[in-house]
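Enquirer:
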Amino acid sequence: MCASRPVVSSAGLDEIEMYDWFPIVFIVFKVVVLGTGMFFAIKWHHDQAKKDEQDKKDAQAKQDALEKQARDETGEP
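In terms of our numbering, the sequence shown opens at residue 14 and continues consecutively.
#1: Roughly how many whole angstroms lie between the Cα atoms of GLN67 and LEU79?
#2: Distance check for ASP85 and VAL45, CA to CA, integer angstroms please.
#3: Quick one: what does DSSP say GLY88 is sitting in, helix, strand or coil?
Next up, the structure:
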């Protein structure tokens, strides 16, 4: 007895090959897009924290300068 083998046409074989590479390309694309998005989200939050810290330092320096100027004008030590 001879075992029967399924017959696959050339069109069917091409479709199977396309389905083989699509998940690989899609997953790589997804990882690149999500990785880029995460990088820029982290970078934005880091930059905002640095900006807030610098704004606080600038506000404190301005307040100190105004207090010094007021002391100098009134003659207080």
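Glycine included, every Cβ here is placed at the ideal spot set by N, Cα and C. Just so we're clear, the structure is a prediction, and the values are computed from it rather than from any experiment.
Expert: The structure says:
#1: Position 54 of the sequence shown holds residue 67. Position 66 of the sequence shown holds residue 79. Their backbone Cα atoms lie some 18 angstroms apart in a straight line.
#2: Walking along the sequence shown from the start, residue 45 turns up at place 32. Walking along the sequence shown from the start, residue 85 turns up at place 72. Roughly 59 angstroms between the two C-alpha positions.
#3: As a position in the sequence shown, residue 88 is number 75, starting the count at 1. In this structure, GLY88 counts as coil in the three-state DSSP scheme.
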